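Take the sequence shown: its letter number 229 is residue 247 in my numbering, and every next letter is one higher.
Just so it is clear, CB atoms sit at the ideal spot from N, CA and C, and this is done for glycine as well.
Since this is a predicted model, take the numbers as computed values, not measurements.
Some notes on the structure that comes next.
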Amino acid sequence: MLLDSASLYYRAYFGVPDSLRSPQGEPVNAVRGLLDFIARLVTDHAPDQLVACMDADWRPQWRVDLIPTYKTHRVAEDPAAAEAGEEETPDTLAPQIPVIAAVLDALGLARVGVADYEADDVIGTLATRHQGPVDVVTGDRDLFQLVDDARGVRILYPLKGVGTLQMTDNALLMEKYGVTGAQYADMAALRGDPSDGLPGVPGIGEKTAAKLIAQFGDLPGIQAAALDPASKLTPTQRKRLIDATPYLAVAPKVVQVAADVPLPDFDPTLPSEPLDPMALEELSARWGLGTSLQRVLDALAQAGT
19 MLLDSASLYY RAYFGVPDSL RSPQGEPVNA VRGLLDFIAR LVTDHAPDQL
69 VACMDADWRP QWRVDLIPTY KTHRVAEDPA AAEAGEEETP DTLAPQIPVI
119 AAVLDALGLA RVGVADYEAD DVIGTLATRH QGPVDVVTGD RDLFQLVDDA
169 RGVRILYPLK GVGTLQMTDN ALLMEKYGVT GAQYADMAAL RGDPSDGLPG
219 VPGIGEKTAA KLIAQFGDLP GIQAAALDPA SKLTPTQRKR LIDATPYLAV
269 APKVVQVAAD VPLPDFDPTL PSEPLDPMAL EELSARWGLG TSLQRVLDAL
319 AQAGT
């Protein structure tokens with residue numbers, strides 16, 4: 019099981035009341051919400067391995083070099099933070115992120131982030147390399163591109179908390195979007211994504227992109243059709259695709275998650291007991307983690323029996 023950690027702690031932050039506070043009065047809703055999520059996921063799905071994948075770089079320069087608008091609107095407005103390339107994060111969430119990291123480490127849950135790469139890329143590399151079934155837990159539709167029925171890779175997409183998850187396989191993708199997991203990145207490149215600063219091809223939305231992929235197979239096939247006067251593209255589609263050639267030359271590398279991230283050594287085995295009980299006790303007391311932490315400990319102990 020691979021966790022898109024930022025996606026989940028953002029979801030926890032906005033979904034769990036900020037009345038949850040530490041003994042000193044600091045908000046801990048993201049910390050406790052994420053712990054509740056992990057406890058529920060371990061209990062419901064019983065993974066034998068679990069990795070919390072982190073954003074070591076939420077906006078890698080190599081993606082910005084290819085498409086300068088990539089995630090531009092998410093850059094912090096504060097000049098100093100913007101200069102450092104920091105993501106705009108709610109004031110009361112940012113202080114909780116180091117606490118999340120410390121708690122995961124004390125629990126002994128694998129936490130992996132790699133410089134110059136997003137969590138998506140870590141997930142893509144692990145999902146590609148792993149031989150057995152893989153469940154990716156994320157609220158990011160971009161990762162639908164990893165769905166692979168033959169290898170047992172599916173996306174668990176939270177609809178409400180993590181108690182209600184959309185089990186995303188190729189059948190569901192075909193039903194909802196008209197593409198398979200292997201075709202999803204091509205569709206995303208064509209339609210663009212305002213939330214990521216990807217312009218897409220003007221005039222080509224999700225449905226048109228899916229139809230073009232069904233007709234011509236993939237993005238190279240669509241581009242070849244645009245240059246073929248005999249192809250069954252409308253004159254408007256042909257012009258839009260040809261005009262978008264510079265964008266389409268770089269978009270796939272930006273949209274596709276990396277599958278070759280140089281990962282550090284780590285142990286993904288789900289621990290049955292905490293790695294550092296004393297540190298965990300101190301963190302629990304300092305931040306008032308209470309029943310949320312206990313639920314994780316109970317779930318891990320149960321999974322280990």
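Of the choices the options, whose alpha-carbon is the least far from that of residue i?
i	options	result
Leu288	Leu307, Ala267, Ile141 and Ala319	Ala319
Tyr135	Gln201, Asn188, Cys71 and Val117	Cys71
Pro238	Asp261, Pro270 and Thr226	Pro270
Gln79	Leu68, Val93, Tyr265 and Gln67	Val93
Asp123	Gly142, Leu53, Val219 and Ala262	Leu53
Ser23	Ile115, Gln67, Leu266 and Glu299	Ile115
Val272	Gly215, Ala242 and Ser37	Gly215
Ile118	Gly322, Ser310 and Ala321	Ser310
May I have the straight-line CA-CA distance separating residue i from residue j, to the nearest angstrom?
i	j	result
Val268	Gly150	32 Å
Ala207	Ile85	12 Å
Ala112	Gly157	19 Å
Arg29	Leu293	27 Å
Ala145	Ala248	40 Å
Asp316	Val275	34 Å
Arg147	Arg39	40 Å
Asp96	Leu21	Model confidence at Asp96 stands at a pLDDT of 46, short of 50, so the residue's coordinates are unreliable and nothing is read from them.
Leu177	Phe55	13 Å
Ile231	Leu174	25 Å
Pro264	Val219	11 Å
Pro253	Asp75	41 Å
Gly306	Ala137	28 Å
Val61	Ala321	It should be noted that the sequence gives Thr, not Val, for residue 61. In a straight line, the C-alpha of Thr61 is about 7 Å away from that of Ala321.
Gln42	Glu291	28 Å
Tyr31	Glu44	13 Å
Leu59	Pro286	15 Å
Ser37	Met296	27 Å
Gly223	Ala242	19 Å
Leu183	Asp246	43 Å
Arg313	Ala57	6 Å
Leu298	Ile141	26 Å
Gln67	Thr323	15 Å
Lys194	Gly126	38 Å
Sorted by chain position, which residues of the same chain lie with C-beta nearer than 6 Å to residue i's C-beta, five sequence neighbours on each side aside?
i	result
Arg77	Lys89
Pro282	none
Ala6	Here the chain comprises residues numbered 19 to 323, so residue 6 is not present and cannot be evaluated.
Gln233	none
Thr87	Gly215
Val82	Tyr88
Arg169	none
Asp167	Asp187 and Asn188
Val49	Gln114, Val117 and Ile118
For residue i, which residues of its own chain have a beta-carbon under 7 Å away from its beta-carbon, when the five flanking residues on both sides are left out?
i	result
Leu191	Phe162, Val165, Val197, Thr198, Gly199 and Tyr202
Phe284	Ala128 and Val130
Pro172	First, the amino acid is wrong: residue 172 is Arg here, not Pro. Result list for Arg172: Asp153, Val165, Met185, Thr186 and Asp187, in chain order.
Ser25	Thr156, Gly157 and Asp158
Ala244	Leu251, Arg256, Leu259 and Ile260
Ala120	Leu301
Gly181	Arg58
Which residues in the same chain as residue i place their Cβ atom closer than 8 Å to its Cβ, once the five residues preceding and following it in sequence are excluded?
i	result
Ala98	With a pLDDT of only 45 at Ala98, under 50, the local geometry of the prediction cannot be trusted, and the value read off the model is given with reservation. Contacts found: none.
Pro35	Asn47
- alpha helix (DSSP H) runs wholly inside the segment 31–107, at least 4 long, in chain order: As far as the segment 31–107 is concerned, its whole alpha helix (DSSP H) runs of at least 4 residues are 47–63, 79–84 and 97–101.
- Runs of alpha helix (DSSP H) wholly within the segment 200–250 (minimum 4 residues, chain order): 224–234 and 237–244
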